[in-house]
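Here's the structure we're looking at; comments come further down.
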Ligand code: SF4
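Numbering (this note's numbering), first residue to last: 18 to 454.
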């Protein structure tokens with residue numbers, strides 16, 4: 018009987034895609050997937066350390082898995098960013114763990130599991146490897162409509178709050194030829210939407226072709242027959258170029274959505290975060306993008322309560338958010354992450370209660386903005402790519418507009434993967450509801 022595995026993923030799209038890759042590696046090694054961790058021979062927890070809470074979740078989940086599996090021979094592997102950062106400390110904190118694999122050693126997972134199974138001794142590899150290639154067709158894609166394609170790994174920017182350069186390593190680019198081959202493979206297996214992934218996705222330049230920057234890569238992916246939509250995450254404002262804006266404007270399959278992380282509306286705080294753009298430069302960029310692509314939807318990331326953030330700084334974040342009018346936002350309270358410059362050099366000055374007050378105020382403002390923007394869509398016809406069943410009603414589907422707004426509508430499962438026109442009838446702060454036109 019085949020050995021079985023399950024993977025639980027914490028964190029971002031990059032981690033989600035790494036889990037798809039590890040699933041492929043395990044299946045190539047003869048494992049079969051099961052959904053329930055209580056039945057699997059191997060339980061993989063693919064972890065995130067960007068926020069403190071994600072890390073806490075890992076250790077509480079490890080406690081549950083250990084309690085469920087006490088006395089049997091299941092192997093437990095911890096992979097991803099916490100594995101990279103904490104390494105052998107994980108064995109000390111959670112004695113039930115058999116294998117720890119860092120972000121750049123993922124390919125060794127099956128081998129290390131075999132070794133741990135055969136010897137009973139814990140196995141670890143958190144070494145950095147430069148190789149960013151991955152065998153074509155190996156990933157077991159978890160989504161029948163969208164395909165994640167990694168184009169950049171790691172980051173050299175060292176924003177002072179961010180753990181990514183320490184967990185994902187220095188920036189490495191995948192060859193353009195390999196990326197287009199993976200896009201062709203994804204389309205040939207039925208995927209309609211390509212999501213290009215990288216820590217700074219728009220810093221891309223091809224190691225195999227000096228003429229291929231991010232804008233050119235968008236053109237090449239757009240040129241692959243069968244690609245209906247292209248999205249990408251995450252860009253950095255300072256690498257948005259006129260060529261990139263022109264490519265987004267001119268290529269119909271590139272979605273009318275740009276995630277433009279601002280983090281703070283205060284130039285003083287941005288400098289302390291080492292973001293390398295000012296408030297005015299960011300707003301000027303937004304104006305340029307909107308002048309070229311008037312219907313573009315913008316989203317962002319914000320942090321409140323960064324060390325030294327005053328009431329006046331926070332007011333600047335509120336005013337910037339009002340001025341830009343984002344379609345969506347991820348907002349977080351600052352928490353010091355291990356190894357980062359902010360954790361080493363800056364005192365966490367803003368009390369927790371004040372961070373909570375600020376995030377509540379920011380989220381309330383954003384909720385109102387989203388609701389107003391969504392209400393403007395009522396009565397219009399939008400085109401969505403039907404990509405999932407609705408979370409609330411079994412007879413409904415959900416899809417996203419080009420601008421990345423979720424739309425729920427009555428529909429049949431066989432419509433999944435199709436582009437559909439929907440007339441919007443209702444608007445909420447987080448989604449729209451409509452009927453097929
Ligand atoms: S650019 Fe993004 S990934 Fe890189 S350090 Fe800054 S926040 Fe982290």
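We put the beta carbon where it would ideally sit given N, CA and C, even for glycine.
May I ask you to verify whether the region 150-157 touches the region 171-190, counting CB pairs closer than 8 Å and requiring at least 3?
Because the criterion of three Cβ pairs below 8 Å is not met, the region 150-157 and the region 171-190 do not touch.
Residues around ligand 1, please: the ones whose beta-carbon is closer than 6 Å to some heavy atom of it, in chain order.
With the cut-off at 6 Å, the residues found are 172, 174, 175, 176, 179, 181, 182, 216, 217 and 253.
Please list, in chain order, all residues of the same chain as residue 423 whose beta carbon is under 8 Å from its beta carbon, the five residues on each side excluded.
Within the chain shown, the letter at position 406 stands for residue 423. Closer than 8 Å at the Cβ level, and outside the excluded window around residue 423, lie 415, 416, 417, 447, 448 and 449.
For residue 205 and residue 212, what's the separation of their Cα atoms in angstroms?
For the purposes of this step, residue 205 is taken as the residue at position 188 of the chain shown. For the purposes of this step, residue 212 is taken as the residue at position 195 of the chain shown. When rounded, the distance between both Cα atoms is 16 Å.
Classify residue 388: buried if its beta carbon has 16 or more other beta carbons within 10 angstroms, exposed otherwise.
Taking the chain shown and counting its residues from 1, the one referred to as residue 388 is at position 371. It counts as exposed.
Report the residue ranges of all beta strand (DSSP E) runs contained in full by the region 119-160; include only those spanning at least 3 residues, in chain order.
The qualifying runs are 140-142.
Alpha carbon to alpha carbon, how far is residue 384 from residue 319?
Counted from its first residue, the chain shown places residue 384 at position 367. Counted from its first residue, the chain shown places residue 319 at position 302. Looking at the two C-alpha atoms, the distance is approximately 14 Å.
By alpha-carbon positions, which one of 405, 267 and 308 ends up nearest to residue 240?
As a first step, residue 240 must be located in the chain shown, where it is residue number 223. The shortest C-alpha separation from residue 240 is found at 267.
Can you look up residue 430 in the DSSP assignment and give me helix, strand or coil?
Here residue 430 refers to the residue found at position 413 when the chain shown is read from its first residue. Three-state DSSP puts residue 430 in a helix.
With 16 other CB atoms within 10 Å as the buried threshold, where does residue 400 fall?
Your numbering for residue 400 matches position 383 in the chain shown. The residue is exposed, with fewer than 16 neighbouring Cβ atoms inside 10 Å.
Does DSSP put residue 107 in a helix, in a strand, or in coil?
Here the question's residue 107 lines up with position 90 in the chain shown. Helix at residue 107.
Per DSSP, residue 400 is paired with what?
Residue numbering aside, residue 400 sits at position 383 when the chain shown is read from its first letter. Listed as beta-bridge partners of residue 400 by DSSP are 438.
Within 8 Å, strictly: CB atoms of residue 339 and residue 379:
What you label residue 339 is simply residue 322 of the chain shown in a count that begins at 1. What you label residue 379 is simply residue 362 of the chain shown in a count that begins at 1. No; because the gap between Cβ atoms is not below 8 Å, this pair is not in contact.
Straight-line gap, residue 279 to residue 294 (C-alpha atoms, nearest Å)
Here residue 279 corresponds to residue number 262 of the chain shown, with the count starting at 1. Here residue 294 corresponds to residue number 277 of the chain shown, with the count starting at 1. Each residue's alpha carbon lies about 9 Å from the other.
C-alpha gap between residue 97 and residue 24, whole angstroms:
To locate residue 97, count along the chain shown from 1; it is residue 80. To locate residue 24, count along the chain shown from 1; it is residue 7. Taking the straight line joining both Cα atoms gives about 12 Å.
Complete runs of the beta strand (DSSP E) confined to the region 334-388 [at least 3 residues]
The qualifying runs are 345-350.
Who are the Cβ neighbours of residue 508 in its own chain at under 7 Å, not counting the five residues just before and after it?
With the chain covering only 18 through 454, there is no way to say anything about residue 508.
Sheet register partners of residue 280 (DSSP bridge):
Taking the chain shown and counting its residues from 1, one reaches residue 280 at position 263. Residue 280 is bridged to 319.
Our contact map puts residue 166 next to residue 196 with C-beta atoms below 8 Å; I'd like the distance itself, whole angstroms only.
On the chain shown, position 149 is the one that residue 166 refers to. On the chain shown, position 179 is the one that residue 196 refers to. For a cut-off of 8 Å, the C-beta gap from residue 166 to residue 196 is around 6 Å, short enough to register as a contact.
Distance, Cα to Cα, residue 275 vs residue 329?
Taking the first residue of the chain shown as 1, we reach residue 275 at position 258. Taking the first residue of the chain shown as 1, we reach residue 329 at position 312. Between the alpha carbons of residue 275 and residue 329 lies a gap of roughly 28 Å.
Run the CB neighbour count on residue 426, radius 10 Å, all protein chains shown included, and call it buried at 16 or more, exposed below.
Counting from 1 along the chain shown, the entry for residue 426 is found at position 409. With 16 or more neighbouring CB atoms inside 10 Å of its own CB, residue 426 falls in the buried class.
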